[in-house]
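Add 200 to the 1-based position in the sequence shown for my numbering, that's all there is to it. We put the beta carbon where it would ideally sit given N, CA and C, even for glycine. Remarks on the structure that follows.
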Amino acid sequence: MVDLFSAGLLGIVSLCFGLLAGIQIAHIHYSRRLTKLAKRSIYSKTIAPILVAAKESRDEEE
């Protein structure tokens with residue numbers, strides 16, 4: 201009984217750590233993309249790169 205409980209608990213903890221790691225990786229990816237867009241906007245002195253990226257993301261969703 202204890203072994204089954206321990207295995208279940210280990211599975212739940214592993215699942216939670218996996219979800220946290222996935223969320224962190226997605227956040228890092230999003231932050232890098234946002235930083236790249238911000239740099240392009242600063243260099244071009246316009247918000248056009250951000251508007252283009254927003255339009256592309258909307259087109260991908262549809």
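| Check | Outcome |
| --- | --- |
| With distance defined between alpha-carbon atoms, name the residue in Ile-228, Gln-224, Leu-237 and Ile-225 nearest to Ala-254. | Leu-237 |
| For Lys-239, which residues from the same chain have a beta carbon less than 7 Å from its beta carbon, with the 5 sequence-adjacent residues on both sides left out? | none |
| For Thr-235, report the span of its alpha helix (DSSP H) as first-last. | 202–244 |
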